[in-house]
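Everything on this sheet refers to the single structure shown next.
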Amino acid sequence: MTRATAADGQPMPHELTCASSIRVRELLAAGDPTEPDPTLLHHIAHTIHEHCGHPPLKAHRLAWGWTPKQATTALDALSNQHQLPKRGITQRSWHQWEAGTYRPDDDYLDRIARLFHTNIIKLGYATDHTAVPAASSRLHSRLALARRAQNSWLPDPSGDPGPVDSAGEDGLSLMDRLVRLRHGVGSLVGEGAMTAVALDDWEQAVVTHGQATRYQPPARLLADLSVDFGELQERIARPHTLSTLRRLTVVAAQMAGLVSLTLLELNENAEARHWARVARNAADEAGDPATRTWVRAQQAYADYYSGNLHAALHAAQAAQAVAGRKICVGSVLAATLEARAHAALGRHTDACDTLQRAQLALEHLDPDADTPSAFSYNEAQLRFHEGNAYTHLRDTASAWAAQQRALELYPDSDYLDRSLVRFDRATCLVHDGDIASAMSIAVDLLLGLAHEQRSEMIVARGHRLLAQLTPRQRQIEPARDLRELLMTAHPQGKVKP
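Residue numbers (the numbering used here): 286 to 782.
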């Protein structure tokens, strides 16, 4: 990630969203434990400090996922637990400690070290005077460290392998060592001009992520995107030719659009809108018309799923205006989104006219755009979106035909869109008064999904389906079954309907 420069010439820390992404990525990689082990949190704090540039104390707070208020509350609770004299730390003092304006006294340093299960060296309040190899032998030293890591951490054939998060004699876990080695080797060998092969690799990486949106659970995909996006930002910050920088910026725009799309599946609509704007700005800087159209379509989706239908209409129409007469994936995607927004607003004629325009555009789309991916568009998606529009218009007969065709075309692996189509079908049954069948479809749908596939978007659709029922209708047995299932369906146990 690019580090802005302060007035004193020193690089400024990254935005807090970067640290948050690192924390989410590392916790997901560790199985998303309810109570993370301090060793894992130390690794996250070290990564935040090294990558984002935050001071060690702040990096530890962010690794624990605390606000300053939560940190001071935790410090007071620790003091009570250990029966230490009350001192009444304020948020202002904590901010001053993190900013380096004031240094905690020795008593507070001891309490903070206890709070984060560490020592004052790792908190940045003391210096480790262990001998450091000369700069001229950095590569030799790193290779030596790699050999020591290998000797220390590879499983002993005659015994049990040690855990990767266990601390060695130097206090570093294997993961900490690997992170240091990766950053070190990257700084030694990664400063040269970017090769055509490396550029191709980045473009292929974003293509792979686009394909993964059709089958991979969103939490796992977001973790993968977070890793690649962080490395891509570091790469963009280095000097490049204009043509290379343009290609990398296109990749950044596409990847930011994928982050926005994935956040929508996690029902993080506000953050999805922020990432859609990042994608739009990057695409505008790159100047590629197809990418500019596609990211504006993603922005329209973020507005649509946030309930801002008029903003969604504006963004969808803007996307099509950027494309002009050229038909591309983004323009077809934007047209169907425009039709759905018209339908949700009750504009029957506008919705039907826009759907017809999208149908004609799809027939002239490049055949290569038919592969399952976020960067493609095919008849299965058109029928899904058509059925959704007709569902909003309460034209259940037309919706049913489009939904049937969509389910015939979608592969079983495309579980998200298939689920949304079936929720639309259940909604049509509610409109027709067949409440029991509607609830049965939703229950069967959720039971057929793996636990990690029950994303926030899917669970939220279930809640919205229930919300359409009258109090009396919610008392029938299939509706009670759906409500009970929704209470346990979400991977993290909660959802924003």
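Positions of the beta carbon are idealized from the N, C-alpha and C atoms, including for glycine. From a predicted model like this one, the values you see are computed outputs, not experimental measurements.
Using only CA atoms, which one of Leu533, Ser305, Ala735 lies nearest to aspartate 699?
Minimum Cα distance to aspartate 699 is reached at Ala735.
According to the Cβ coordinates, are glutamine 621 and leucine 667 closer than 8 Å?
The question names glutamine, but residue 621 is threonine in the sequence shown. Between threonine 621 and leucine 667, the gap from beta carbon to beta carbon is short of 8 Å.
With distances taken Cα to Cα, identify the nearest neighbour of methionine 718 among His748, Leu754, Pro503, Ala691.
In the sequence as presented, methionine is not what sits at residue 718; that position holds glycine. Residue Leu754 holds the alpha-carbon nearest to the alpha-carbon of glycine 718 among His748, Leu754, Pro503, Ala691.
Could you please give the first and the last residue of the uninterrupted alpha helix (DSSP H) stretch that includes phenylalanine 708?
Note, phenylalanine 708: alpha helix (DSSP H), 700-716.
Just to confirm my understanding: we take tyrosine 590, look at its own chain, exclude 5 residues before and 5 after, and list those with CB closer than 8 Å. What are they?
Excluding sequence positions up to five before and after tyrosine 590, its CB lies within less than 8 Å of the CB of Leu549, Asn554, Ala557, Met742, all in the same chain and listed in chain order.
At least three beta-carbon pairs within less than 8 Å, the stretch 504-521 to the stretch 295-313:
Yes, they touch.
Give the secondary structure of alanine 411 by DSSP, where H, G and I count as helix, E and B as strand, and everything else as coil.
Correct three-state label for alanine 411: coil.
Please confirm whether asparagine 663 and aspartate 651 have their CB atoms less than 8 Å apart.
Contact annotation: asparagine 663 and aspartate 651 have beta-carbon atoms that are not nearer than 8 Å.
Out of His599, Thr386, Ala384, Lys371, which has the shortest C-alpha to C-alpha gap to arginine 396?
Minimum Cα distance to arginine 396 is reached at Lys371.
May I ask which residues mark the beginning and end of the alpha helix (DSSP H) holding serine 591?
Serine 591 -> no alpha helix (DSSP H), and no H or E assigned at all.
Along the chain, where does the alpha helix (DSSP H) that runs through leucine 750 open and close?
First-last of the alpha helix (DSSP H) with leucine 750: 741-752.
For the stretch 515-560, list the beta strand (DSSP E) runs that are entirely contained and at least 3 residues long, ordered along the chain.
For the stretch 515-560, not a single whole beta strand (DSSP E) run of length 3 or above is found.
Roughly how far, in whole angstroms, is the beta-carbon of glycine 609 from the beta-carbon of valine 580, given that I think they are within contact range, below 8 Å?
No, glycine 609 and valine 580 are not in contact; Cβ-Cβ is about 16 Å, not under 8 Å.
Given aspartate 392 as reference, the closest of Thr302, Ile333, Leu400 once Cα atoms are compared
That would be Leu400, whose Cα lies nearest to the Cα of aspartate 392.
Specify the secondary structure class of leucine 667 as computed by DSSP and reduced to three states.
Residue state, collapsed to three classes: helix.
What whole-angstrom Cβ distance do tryptophan 487 and valine 536 have, given they're in contact under 8 Å?
The pair is a contact, with the Cβ atoms about 5 Å apart (cut-off 8 Å).
Would you grab the beta carbon distance between histidine 334 and proline 323 for me? Rounded to a whole angstrom, and I think it's under 8 Å.
No, histidine 334 and proline 323 are not in contact; Cβ-Cβ is about 16 Å, not under 8 Å.
If you follow the alpha helix (DSSP H) that arginine 396 is part of, which residue opens it and which one closes it?
Segment 391-400, the alpha helix (DSSP H) holding arginine 396.
Quick one: using the 10 Å Cβ neighbour count with 16 as the cut-off for buried, is arginine 710 buried or exposed?
Counting Cβ neighbours within 10 Å, arginine 710 comes out buried, since at least 16 surround it.
Does the beta-carbon distance from alanine 691 to valine 706 come in below 8 Å?
Yes; because the gap between Cβ atoms is below 8 Å, this pair is in contact.
I'd like to know whether the C-beta atoms of leucine 484 and threonine 534 end up nearer to each other than 8 Å.
Their beta carbons are not under 8 Å apart, which means leucine 484 does not touch threonine 534 by this criterion.
Hey, how far is the Cα of serine 305 from the Cα of tryptophan 379?
Between serine 305 and tryptophan 379, the C-alpha separation is close to 20 Å.
Selected residue, minimal CA-CA separation from aspartate 573, among Val715, Arg531, Gly592, Leu598
Its Cα nearest to that of aspartate 573, the residue Arg531 stands out among Val715, Arg531, Gly592, Leu598.
Could you confirm whether any beta carbon from chain C is found closer than 8 Å to the beta carbon of threonine 578?
No chain C appears in this structure, which consists of one protein chain only.
Give me the Cβ distance between alanine 629 and histidine 677, rounded to the nearest whole Å; I'm assuming they're in contact under 8 Å.
Correct: roughly 5 Å between the Cβ atoms.
Give me the Cα-Cα distance between leucine 732 and aspartate 697, rounded to the nearest whole angstrom.
The straight-line gap separating the alpha-carbon atoms of leucine 732 and aspartate 697 is approximately 15 Å.
Determine the DSSP secondary structure at leucine 325, reduced to helix, strand or coil.
Helix at leucine 325.
Give the secondary structure of glycine 495 by DSSP, where H, G and I count as helix, E and B as strand, and everything else as coil.
Note: glycine 495 maps to helix in three-state DSSP.
Reference arginine 505; option with closest CA among Ala314, Leu730, Gln760:
Considering only alpha carbons, the answer is Ala314.
Using 10 angstroms around the beta-carbon of aspartate 317, count the other beta-carbons present and answer buried if the total reaches 16, otherwise exposed.
Of the other Cβ atoms in all chains shown, fewer than 16 fall within 10 Å of the Cβ of aspartate 317; this residue is therefore exposed.
According to DSSP, is threonine 578 part of a helix, a strand, or is it coil?
The three-state secondary structure of threonine 578, taken from DSSP, is helix.
Are the Cβ atoms of glutamine 539 and valine 617 separated by less than 8 Å?
The answer is no: Cβ separation not under 8 Å.
Is it right to say aspartate 588 is buried, meaning 16 or more other beta carbons lie within 10 angstroms of its own, or is it exposed?
Label assigned to aspartate 588: buried.
Is glycine 495 buried or exposed, if buried means 16 or more other CB atoms sit within 10 Å of its CB?
Glycine 495 is buried by the Cβ-count criterion.
Taking a contact to mean a Cβ-Cβ separation below 8 Å, would you say alanine 585 touches alanine 601 in this structure?
Yes; because the gap between Cβ atoms is below 8 Å, this pair is in contact.
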